[in-house]
Amino acid sequence: AQKITQTQPGMFVQEKEAVTLDCTYDTSDQSYGLFWYKQPSSGEMIFLIYQGSYDEQNATEGRYSLNFQKARKSANLVISASQLGDSAMYFCAMRDTGTYKYIFGTGTRLKVLA
Amino acid sequence: GAVVSQHPSWVICKSGTSVKIECRSLDFQATTMFWYRQFPKQSLMLMATSNEGSKATYEQGVEKDKFLINHASLTLSTLTVTSAHPEDSSFYICSAREGVISEAFFGQGTRLTVV
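These protein sequence lines are chains B and A, in that order.
When we follow the numbering used here, the leftmost residue of the first sequence carries the number 30, and every step to the right adds one.
When we follow the numbering used here, the leftmost residue of the second sequence carries the number 826, and every step to the right adds one.
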């Protein structure tokens, strides 16, 4: 069965510093997609970044980058130059290639300190 | 990116009544829509998958008679919580995808409170 594990319930980071949010996954599929979403207190799920299992390069989107280590089955999110507006809940998710169902981790609550 | 609109954003209803939540894809045709439920400070749990024109597929443990899902068109899916009870109070969020688009896009979510 597929599983996403986020071991950090909460994280603090100083404004302008970088922070890494951990995510490990388990799947027997060869083809899969990994995602990170941000959920502010308002509740909407904001897509941040995507990494395909066959992508050789780590995905980057502005201040977000995904540290993809396939052999270790990890897909950590790195946020550079943290901003106060980055304070939110962050979810790592895996998409099943066949059904397009998303499996979410338990999330990490990030608090950026001024 | 594609836009998914969910309505209402929040709703309060009396115990025993039914409430309908709409999920619309505004600028693409959603061949598949997903409905999730999120309890406070918890992750999103998939409730069901709906494909346009066919019956929804429910995840194990989800009561299909209680959570009625209709995906009558390529731009609209509805979730009806029937005979709602306080334990149904939760955050419900939908996502939609089109066949050629890689990722699914999420609606804003609906916070349901049953009193």
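Every residue, glycine too, gets a C-beta built ideally from N, C-alpha and C.
Since this is a predicted model, take the numbers as computed values, not measurements.
Run the CB neighbour count on residue i, radius 10 Å, all protein chains shown included, and call it buried at 16 or more, exposed below.
i      : result
B/R101 : exposed
A/Q831 : buried
A/H910 : exposed
A/S879 : exposed
B/Y54  : buried
B/A88  : buried
A/I837 : exposed
A/T842 : exposed
B/L142 : exposed
A/V940 : exposed
A/Q863 : buried
B/T128 : exposed
A/W868 : Per the sequence shown, the amino acid found at residue 868 of chain A is Ser instead of Trp. Result: buried.
Does residue i have its Cβ less than 8 Å from a Cβ in chain A?
i      : result
B/T135 : yes
B/K130 : yes
B/F97  : no
B/M74  : yes
B/F41  : no
B/Y79  : yes
Of all Cβ atoms in chain B, is any one closer than 8 Å to the Cβ of residue i?
i      : result
A/T900 : no
A/T938 : no
A/F931 : yes
A/G934 : yes
A/I846 : no
A/F892 : no
A/E928 : yes
Residues in the same chain with beta-carbon distance under 6 Å from residue i, minus the five sequence neighbours each way, listed in chain order, please.
i      : result
A/V828 : L851, D852
A/T857 : N876, R922
B/T49  : N105, V107
Taking 8 Å as the threshold (C-beta atoms), are residue j and residue i in contact?
i      : j      : result
B/L139 : B/A122 : no
B/Y131 : B/K67  : no
B/E46  : B/S111 : yes
A/S920 : A/F930 : yes
A/Y917 : A/W835 : no
A/Y883 : A/A873 : yes
A/S875 : A/S902 : yes
B/E90  : A/Q933 : no
B/D51  : B/Q37  : yes
A/I846 : A/T935 : yes
Can you give me the Cβ contacts of residue i inside the same chain, cut-off strictly under 8 Å, excluding the 5 residues immediately before and after it?
i      : result
B/G62  : Y79, Q80, G81, S82, M123, R124, T126
B/Q43  : S111, V141, L142
A/S840 : A909, H910, P911, V939, V940
Among residues of its own chain, excluding the 5 on either side of residue i, which ones have a beta-carbon nearer than 7 Å to its beta-carbon?
i      : result
B/T135 : Q35
B/I33  : C52, Y54, C121, A122, M123, I132, F133, G134
With 8 Å set as the bound, which would you pick, yes or no: does the beta-carbon of residue i sit closer than that to a beta-carbon of chain C?
i      : result
A/S879 : Judged by its chain identifiers, the structure shown contains no chain C, and its protein chains are B and A.
Members of the segment 863-874 of chain A near chain B, C-beta cut-off 9 Å: Of all residues in the segment 863-874 of chain A, only Q863, K866, Q867, S868, L869, M870, L871, T874 place a beta-carbon less than 9 Å from a beta-carbon of chain B.
Mind checking the segment 901-924 of chain A against chain B and listing, in chain order, the residues whose C-beta falls within less than 9 Å of any C-beta there? Residues of the segment 901-924 of chain A with a C-beta atom less than 9 Å from some C-beta of chain B are F916, I918, S920, R922, listed in chain order.
According to a CB-to-CB cut-off of less than 9 Å, which residues of the segment 848-859 of chain A neighbour chain B? Taking 9 Å as the Cβ-Cβ cut-off against chain B, the residues of the segment 848-859 of chain A that qualify are T857, F859.
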